[in-house]
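Here is the structure we will look at.
4 protein chains.
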Amino acid sequence: MSTVRRIGVLTGGGDAPGLNAVIRAVVRSCRIAHGVSVIGISDGFIGLVEMKARELALADVSGLLVRGGTMLGTSNRGNPFRYAFRRPDGVEELVDASAMVKKNFEKLGLDALVVIGGDGSLSIAERFWRELGIPVVGVPKTIDNDLFATEYTFGFATARETATWALDRLHSTAESHHRVMLLEVMGRDSGWIALHAGLAGGGDVVLIPEIPFTFEALIAKFRARERRGRPFSVVVVAEGAAPVGGNQVFAGEDAVTGWKRLGGISYQIAREIEARGGYEIRATVLGHIQRGGTPVPTDRILATRFGVEAARLAVAGEFGRMVALHNDEIVSVPICEAIGRVKRVDPSCQLVQAARSVGIVFGDEDIDAVDLSEG
Amino acid sequence: MSTVRRIGVLTGGGDAPGLNAVIRAVVRSCRIAHGVSVIGISDGFIGLVEMKARELALADVSGLLVRGGTMLGTSNRGNPFRYAFRRPDGVEELVDASAMVKKNFEKLGLDALVVIGGDGSLSIAERFWRELGIPVVGVPKTIDNDLFATEYTFGFATARETATWALDRLHSTAESHHRVMLLEVMGRDSGWIALHAGLAGGGDVVLIPEIPFTFEALIAKFRARERRGRPFSVVVVAEGAAPVGGNQVFAGEDAVTGWKRLGGISYQIAREIEARGGYEIRATVLGHIQRGGTPVPTDRILATRFGVEAARLAVAGEFGRMVALHNDEIVSVPICEAIGRVKRVDPSCQLVQAARSVGIVFGDEDIDAVDLSEG
Amino acid sequence: MSTVRRIGVLTGGGDAPGLNAVIRAVVRSCRIAHGVSVIGISDGFIGLVEMKARELALADVSGLLVRGGTMLGTSNRGNPFRYAFRRPDGVEELVDASAMVKKNFEKLGLDALVVIGGDGSLSIAERFWRELGIPVVGVPKTIDNDLFATEYTFGFATARETATWALDRLHSTAESHHRVMLLEVMGRDSGWIALHAGLAGGGDVVLIPEIPFTFEALIAKFRARERRGRPFSVVVVAEGAAPVGGNQVFAGEDAVTGWKRLGGISYQIAREIEARGGYEIRATVLGHIQRGGTPVPTDRILATRFGVEAARLAVAGEFGRMVALHNDEIVSVPICEAIGRVKRVDPSCQLVQAARSVGIVFGDEDIDAVDLSEG
Amino acid sequence: MSTVRRIGVLTGGGDAPGLNAVIRAVVRSCRIAHGVSVIGISDGFIGLVEMKARELALADVSGLLVRGGTMLGTSNRGNPFRYAFRRPDGVEELVDASAMVKKNFEKLGLDALVVIGGDGSLSIAERFWRELGIPVVGVPKTIDNDLFATEYTFGFATARETATWALDRLHSTAESHHRVMLLEVMGRDSGWIALHAGLAGGGDVVLIPEIPFTFEALIAKFRARERRGRPFSVVVVAEGAAPVGGNQVFAGEDAVTGWKRLGGISYQIAREIEARGGYEIRATVLGHIQRGGTPVPTDRILATRFGVEAARLAVAGEFGRMVALHNDEIVSVPICEAIGRVKRVDPSCQLVQAARSVGIVFGDEDIDAVDLSEG
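Chains as they are written, first to last, in my numbering: chain U, 1 to 375; chain Z, 1001 to 1375; chain V, 2001 to 2375; chain A, 3001 to 3375.
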């Protein structure tokens, strides 16, 4: 424990607002509270294979709190167990570079490694610890907030604010033009951003992967609003949302794959609603805008607390663990408990109930009931 | 002149931040400065046909300065000369409802009509004045800033800020992930938003309708940045941008029409770059988000000044004219001078030159030169 | 229970972002989920004395989610047990108007009353229930987040964001000009806003009521930063912060009362640091800016959930209770448990420890230690 | 002209959003468009005396567009003609260090010097050119927008947006609480920020140095609003505003100097209104918050254009000149034409008239008229 003198830190996977704030907190608390030095590893796990690393002093993390992205970079070729090695003849070959990781970890004189990443990166970190004996500490990261074993992760609050801000803007146009507007937000496996943004942004309909919808229910809602003198609606769509019966309802169309890849599910949903309901619809896919920008205070604070605790765990020699938020307190859990599972929205949870109470429709409603409601 | 006692006001065409600020300024200056009452007409010109109107007191416009959209509503069935009349049997028929407009204008006891709208609405207003003798005053409105006869219109500054804000967010992700990111902004006929946002948001490439691009030039730019250790780029695309030779280069693909309609040109451009350059690209189409939101101060001030001058023109009996901004002063011009023409970006203007000087590429560059540049 | 048909709602005490969101959620969930009508009472409890009330339909709360302030108004003459009655001769007299409240409550045909307010308003609400038998439900509100019995209240997150945003702006100037900048934020009795904003905004020093400070520790911190090549510091001051020994250290100065009243404690602190340390200091008192503005998503969601639960309690006949947030779930507690106590920052809590770990100084540090630190 | 190979750049005087954007544009256009290298000089003119300089590559200005402050630092001991030299015995002595500046300019191998600064810094730059023969190019900078010879300067639009944003927040509280709220903004000699923010933020009263006010007119306005059922008002105060007769009306009070120094004029105004009108008033002094933050697009674009043109002038050998904005075009003027004069608000200009038309009161109104107005 007292032997920890030098800690490595890296960021893996997709971008999330707050990554820099974690790095800053690790560096500051290591140096100020523990007198330990920190080595920043570039481009995720790849930096450990290719030996891209440098010491991080306090000055290096100055001004970092407000910056989106990660000063260390990240990588999509992230798995050192299946490292895309480029041979001299230019051909890429997948090789197990874990022995190289182990060797470089020692060469850098590291006593611990802080891995900031999502499910994929944490799974690799866990193998580092279990298979290679590299002393790791994990920090959970996901825009979608669907990581198990922590109530919230940094990045989510900023993404939610970006989505809400977009909804605020769409509202005025929807109202002025008497239109149905769709906003597609992130959430391939879970509807957290859509649910929160829908509540915060006054959405009329929220479509999430956890609650399959019917077009009949959507159109019934639009019609009910029209009868109440509100001939416009705003729909929040999680990218993983799907109608009852699944996405194969769109399957006859050749263009689907292309859209799915470049556009989003909301274009398909828009077209279907237009065809069935005679509406003119506009869809916006927020995309990577949700991953960027200055983190909001919630994320800056959570990221800072995660970084402080990760440094403490590393210095204390509590390896194989991940920091987490439970009841507004920072705790730690074994990494293996957190990975391989998705935290989904429970359709009967308080938040969904509250949303229904204020008139938000999820598309699974009894159509006659919707039809009669005032919402 | 002294006979002007009652002024009507309506908003036509697409949404733009600042519409409410114009309405507020018309109402406030009419009542406070001129002692004249104002009648708000709902849903654009349709409100004149269907007689939807009500008096606007000071209290009605309280708090309006910060709100996006238009409190009066607007309409897409906007032309009373070709009014979509719904017959009792449900069939729609296009009829000339201009006589009805004239009759209702008199029934409402109006002495003048302020029309806030874009090229289409102003053209109708001009016919009102010329053909029907309805005393109109125009206020120019276009997000795209491509209206002739005024240097700027309200709404543009807010749209530009929204686009810049999106670029700021995309930058961190592009940099962290070593990616090419595309942002598609409004501008079917002109590249003002793309050009301004590209300058303000530090774009690497700006594609506008006025300057046809080649994919070779784009890819040369990306490669040049890579060599300089910047393996990421941010591209701003106006929705009307097109490669040299026009959009028919995409014509072989069946899906084009659908994309063009629901998604945007940037998806096509992204796919083409991926195919030619081996890049993994993410495209975001901002869409109607650019039309909404609280107007920025520039737009609130311009809209207020436009509203004040429109009221003054109406009270002074200077009809058939439109307010405009020339050299930071509010002036007025005959409506007929403003309509039917598009103000385009001059490819040799100072702003484009400044953009090139700081390394922004428009896609028309000599590829070898780009290749050698540092940008 | 089934007899609840008509619910009154009022807002008391100071402004907080999210008040309108609670009102909206009460109205929407009453009408949509419970089929119950809602009467909005104007200007706090005074509206019950002076009978200012009107029914709130869905249309009345449309667009309310994004608006700061309270559509119902509030009052500083808020206590009906000591109502400032203005006699015909113009003299004000304090009278007990509670019988009038009871009478008007019945006259309005109300079956329950939702009171949204802080400690003062909730105390009155509790007396209504206990002494007058008026069936009340409470919704806690405080910018400062120092209300007992709930983990968070709406308004706090927005105030925190405003304060953080101000810190972000001060940072660049402090750094460019090599200056000490003070930012005074709300918190007469507790340091929650200062602590959170200090963490989120990268403050160097945070002064809160719960931790008395010494000027020696502050100056030692500034000096330590100078030695590290950081000749600037940003200090966050809660308005209730005080040096060891209390505010009487300033007592010799006549001007104190005036400053305290119109300016803030930070002007005194600034002057003291200037005198002792030879620094040129700039202080900004954020003041009521923290109470205004569009609520951030966190507050919109919490306010909505509070409103939904308050409506449910009222309809279910669970009176004398207040909604609260425990472990991210909405619960209810007896109002009497919440009032008359202040939730203070525990100086040994995780958040303060995390702040110290990243180098934030609270002014109670051992000066030699500060002097040696790197922060 | 073709001999210009190396250009120095420095920033002088107070902070303004956009300084970094100018630096970035100078560096980028010098390197990309002209193939010229740039030397950044630290801490204003002091860096030339004390030889603090380093080359700026493209990578050094990456990400700079969005950052407030100046990466080069600035200094309050800025005048090399009266340089505060610290003798070995610790005593400071004012000496003429201009010869040292000249020597260091040559030592650094500079062919031109770009000075970004306000009236003070530009005056020094002008003496450099006239007295020392140092080839300078000026870039005008002032938050207050009161620099002569250019229509706008960067920083002003951001300060205006910050002030407007604060007004938006104060409005909801003023309205909910029926209060008079004062917001003090920058502008010691001119009222540009106050006038623009008052128009954009819907202020009821705007007090600027150019139009002396009477307390009677203010109170008449408040009373008129009360009679119209608007028992609240928002007042924007430029820091240099003064009542008719000047600030000596406050002179009897000992505390004035202290307030003036630490607080602001608005505290005095608030106290006077309270005393005379029986109002309870809240004042907020925005202070240095207006100098910080990410520049808004308007400022980023203007700063970029200024930087590009400054580089062009330097390379073309057009010295002794300053870049300026005329009719939305970038031009250049002799520095000597720009300095030593203040651009004030003309009380009869269009903007003031427009403000009066929508009901804004400047405190010079005929009281009876105000009293009768609806505003």
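C-beta: ideal position from N, C-alpha, C; glycine also.
So, is residue i buried or exposed, given that buried needs 16 or more other C-beta atoms within 10 angstroms?
i	result
H2326 of chain V	exposed
M3051 of chain A	exposed
R227 of chain U	exposed
V377 of chain U	Nothing can be reported for residue 377 of chain U: it is not among the residues displayed for chain U, which extend from 1 to 375.
A1251 of chain Z	Low per-residue confidence applies at A1251 of chain Z: pLDDT is 41, beneath 50, and the placement is therefore not dependable, though the value from the model is reported in the following sentence. Answer is exposed; the Cβ neighbour count stays below 16.
L2094 of chain V	exposed
R3086 of chain A	exposed
G2138 of chain V	buried
E239 of chain U	buried
V1022 of chain Z	buried
P1243 of chain Z	buried
T3003 of chain A	exposed
Where does residue i sit, in a helix, a strand or coil, going by DSSP?
i	result
V2308 of chain V	helix
E2050 of chain V	coil
T2011 of chain V	strand
E1055 of chain Z	strand
F3148 of chain A	coil
H3178 of chain A	coil
P3243 of chain A	strand
T3003 of chain A	coil
T2162 of chain V	helix
E3093 of chain A	strand
L3199 of chain A	helix
S1348 of chain Z	coil
A16 of chain U	coil
Comparing alpha-carbon positions, which option in the options lies nearest residue i?
i	options	result
A1166 of chain Z	U:A149, U:E210, U:L218 and U:R291	U:R291
R341 of chain U	U:G201, U:G63 and U:A149	U:A149
G3117 of chain A	A:G3069, A:L3183 and A:T3158	A:G3069
G2202 of chain V	V:P2017, V:V2296 and V:A2355	V:A2355
G3359 of chain A	A:V3285, A:S3233 and A:L3286	A:S3233
F1156 of chain Z	Z:E1106, Z:S1190, Z:A1033 and Z:V1061	Z:S1190
G3014 of chain A	A:V3331, A:A3059 and A:L3072	A:L3072
V114 of chain U	U:A217, U:L302 and U:I7	U:I7
For residue i, is the beta carbon positioned less than 7 Å from some heavy atom of the ligand NAP?
i	result
V3206 of chain A	Questions concerning the ligand NAP fall outside what the structure shown contains, since it holds no ligand whatsoever.
Tell me which residues of the segment 297–314 of chain U have at least one Cβ-Cβ distance to chain V shorter than 7 Å, keeping chain order. P297, T298, R300, I301, T304, R305 and V308
Relative to chain U, which residues along the segment 1181–1213 of chain Z have a C-beta separation below 7 Å, given in chain order? M1181
Check whether the segment 3155–3174 of chain A touches the segment 3316–3326 of chain A, counting contact only when three or more Cβ pairs, one atom from each stretch, lie closer than 8 Å. no
Residues within the segment 3345–3374 of chain A neighbouring chain V, beta-carbon criterion of under 7 Å: none
Contact list for the segment 2034–2068 of chain V against chain U, Cβ threshold 7 Å: L2058, L2065 and V2066
So, do the segment 2271–2278 of chain V and the segment 2124–2138 of chain V have three or more beta carbon pairs nearer to each other than 8 Å? no
Counting only Cβ-Cβ distances shorter than 7 Å, please list the residues of the segment 3007–3038 of chain A near chain V, keeping chain order. D3015
Compile a chain-ordered list of the residues in the segment 2313–2338 of chain V whose CB is closer than 7 Å to at least one CB of chain A. none
Pairing CB atoms from the segment 2100–2108 of chain V with CB atoms from the segment 2276–2290 of chain V, are three or more of them under 8 Å? no
Members of the segment 2145–2173 of chain V that neighbour chain U once the beta carbon cut-off is set at 8 Å: E2151, A2157, R2160, E2161, T2164, D2168 and H2171
Against chain A: residues of the segment 2273–2284 of chain V by CB proximity under 7 Å: R2282, A2283 and T2284
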